[in-house]
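Residue 205 in this note's numbering sits at position 187 of the sequence shown, and the numbers go up by one each step. Let me begin by presenting the structure, written as structure tokens, before commenting on it.
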Amino acid sequence: MVAIGTGSGCIILASESCWNKTMSEDVLFEVQEGVALITLNRPEAHNTLSAGIIEGLGAAYQHCDADDSVRAVVITGAGRSFCAGADMSGGGETFDGGAVAQEISSCPLAMQAFEVRKPVIAACNGHAVGAGLGMAMQTDIRVLADEGKYGFLQSRRGVVTDFAMEYLLPRLVGMERALELLMRGQRLNGSEAVTWGLAGRSVPAEAVLETALDIARDMAVNAAPLAMAMHKRLVWQGMDMSYAELARKETRGLNYSMTKPDAVEGGMAYFERRAPEWSGCLSEDWPEWMND
Numbered sequence: 019m020v021a022i023g024t025g026s027g028c029i030i031l032a033s034e035s036c037w038n039k040t041m042s043e044d045v046l047f048e049v050q051e052g053v054a055l056i057t058l059n060r061p062e063a064h065n066t067l068s069a070g071i072i073e074g075l076g077a078a079y080q081h082c083d084a085d086d087s088v089r090a091v092v093i094t095g096a097g098r099s100f101c102a103g104a105d106m107s108g109g110g111e112t113f114d115g116g117a118v119a120q121e122i123s124s125c126p127l128a129m130q131a132f133e134v135r136k137p138v139i140a141a142c143n144g145h146a147v148g149a150g151l152g153m154a155m156q157t158d159i160r161v162l163a164d165e166g167k168y169g170f171l172q173s174r175r176g177v178v179t180d181f182a183m184e185y186l187l188p189r190l191v192g193m194e195r196a197l198e199l200l201m202r203g204q205r206l207n208g209s210e211a212v213t214w215g216l217a218g219r220s221v222p223a224e225a226v227l228e229t230a231l232d233i234a235r236d237m238a239v240n241a242a243p244l245a246m247a248m249h250k251r252l253v254w255q256g257m258d259m260s261y262a263e264l265a266r267k268e269t270r271g272l273n274y275s276m277t278k279p280d281a282v283e284g285g286m287a288y289f290e291r292r293a294p295e296w297s298g299c300l301s302e303d304w305p306e307w308m309n310d
């Protein structure tokens, strides 16, 4: 067993191999050395959305948010695709409102990726289209496959997009590109998607998962849990705040973080040229005012 972190009343251990569980038949979950790996597990259907994926992914995000042993999260897809969006096996009935028993939510997960107080990285090992790309865009960091295809195809299927892309895309890629991506619904390869601002990097498909895990491991070891969580919350909240509002909340966060042992540990680890030994954990240290 290795210690992931220790703190007053907070001792976190994780097996060097890993522990894993099944959130649903369609979602696999494991944690190793502070990094949670969530795998969408419908490879025969290119990981198209199912009730099991929706339920299992929401549960996995909730677990990652609550579990102090999880420092960073990677989500990927089994097989050759990340997520090919809606399951179109129903043909014309897929989006036929008359054939749907009840109204569906465009944001169906019990917890969204941006609500998780840990960094969430999408390892898009293959195609991510429609709702699959929307799901990836709600994460904090995306690693795409050079060979993958990425696009919001809903306009070409006669329906509106999901995962609140009309809110998020203009803020990430700008108004003009967001409108073209949503209205035209074209497919981009990995390098094109990076150029359009949909991700920070694209690598060969076989390197996607390891690239994402390397980023997650670096965060899990070298960045303090509370500082990461507060940065994430401030950035996502900041999209709806004025400069003055954000500066006030950031100032409060800075001063609060300086009261915690990890603020001393970070400086000492740098001075002594060693890896930090973080003691903070969100279950004890998270201030409720950060949720406002």
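Even for Gly, the Cβ is constructed at its ideal location relative to N, Cα and C. Small disclaimer: the values here were computed from a predicted structure and weren't measured.
For residue j and residue i, the rounded distance between their alpha carbons
{"i": "Glu184", "j": "Ala196", "result": "8 Å"}
{"i": "Ser297", "j": "Ala104", "result": "42 Å"}
{"i": "Met153", "j": "Leu244", "result": "25 Å"}
{"i": "Glu290", "j": "Thr229", "result": "28 Å"}
{"i": "Gly70", "j": "Asp180", "result": "18 Å"}
{"i": "Asp236", "j": "Gly176", "result": "42 Å"}
{"i": "Ile139", "j": "Ile233", "result": "8 Å"}
{"i": "Ser87", "j": "Arg202", "result": "43 Å"}
{"i": "Ala84", "j": "Val49", "result": "13 Å"}
{"i": "Thr57", "j": "Phe100", "result": "9 Å"}
{"i": "Ile22", "j": "Leu187", "result": "Residue placement at Ile22 cannot be trusted, given a pLDDT of 32 that sits under 50; what the coordinates show is reported in the next sentence. Cα to Cα, the separation comes out at about 35 Å."}
{"i": "Tyr79", "j": "Arg135", "result": "10 Å"}
{"i": "Ser42", "j": "Ala247", "result": "27 Å"}
{"i": "Thr94", "j": "Val221", "result": "14 Å"}
{"i": "Ala149", "j": "Ala141", "result": "15 Å"}
{"i": "Asn65", "j": "Arg89", "result": "26 Å"}
{"i": "Phe113", "j": "Thr213", "result": "Per-residue confidence for Phe113 stands at a pLDDT of 46, beneath the threshold of 50, marking its modelled position as unreliable; no derived number is given."}
Supposed contact pair residue j and residue i - C-beta distance, whole angstroms, cut 8 Å
{"i": "Gly218", "j": "Gly166", "result": "Between Gly166 and Gly218 the Cβ distance is about 15 Å, and since that is not below 8 Å, they are no contact."}
{"i": "Gly74", "j": "Asp44", "result": "6 Å"}
{"i": "Val91", "j": "Leu231", "result": "Not confirmed; about 11 Å, so no contact."}
{"i": "Gly215", "j": "Val253", "result": "In fact, because the Cβ distance is near 16 Å, the residues do not count as touching under 8 Å."}
Minimum C-alpha distance to residue i - residue among the options
{"i": "Ala293", "options": "Ile159, Gly284, Leu252 and Arg251", "result": "Gly284"}
{"i": "Asn240", "options": "Met193, Asp303, Tyr288 and Glu210", "result": "Tyr288"}
{"i": "Arg251", "options": "Gly271, Ser260 and Ala238", "result": "Gly271"}
{"i": "Cys125", "options": "Tyr79, Asp164 and Ala182", "result": "Ala182"}
{"i": "Tyr274", "options": "Gly256, Glu295, Trp304 and Ser260", "result": "Trp304"}
{"i": "Glu51", "options": "Ala238, Met276 and Gly256", "result": "Ala238"}
{"i": "Gly256", "options": "Ser301, Ala223, Asp310 and Met286", "result": "Asp310"}
{"i": "Arg54", "options": "His81, Thr277 and Met193", "result": "The amino acid occupying residue 54 in the given sequence is Ala; Arg does not appear at that position. When each option's Cα is compared against that of Ala54, the closest is His81."}
Residue i at chain B interface by Cβ criterion, 7 Å
{"i": "Pro294", "result": "Included in the structure is just one protein chain, with no chain B present."}
Within 7 Å, strictly: CB atoms of residue i and residue j
{"i": "Gln156", "j": "Ala131", "result": "yes"}
{"i": "Pro61", "j": "Ala96", "result": "yes"}
{"i": "Ala281", "j": "Val226", "result": "no"}
{"i": "Leu67", "j": "Asn59", "result": "no"}
When you compare the segment 136-146 with the segment 170-180, are there three or more beta-carbon pairs, one atom per stretch, that lie closer than 8 Å? no
For the structure I just gave you, are there three or more beta carbon pairs, one from the segment 257-268 and one from the segment 200-214, closer than 8 Å? no
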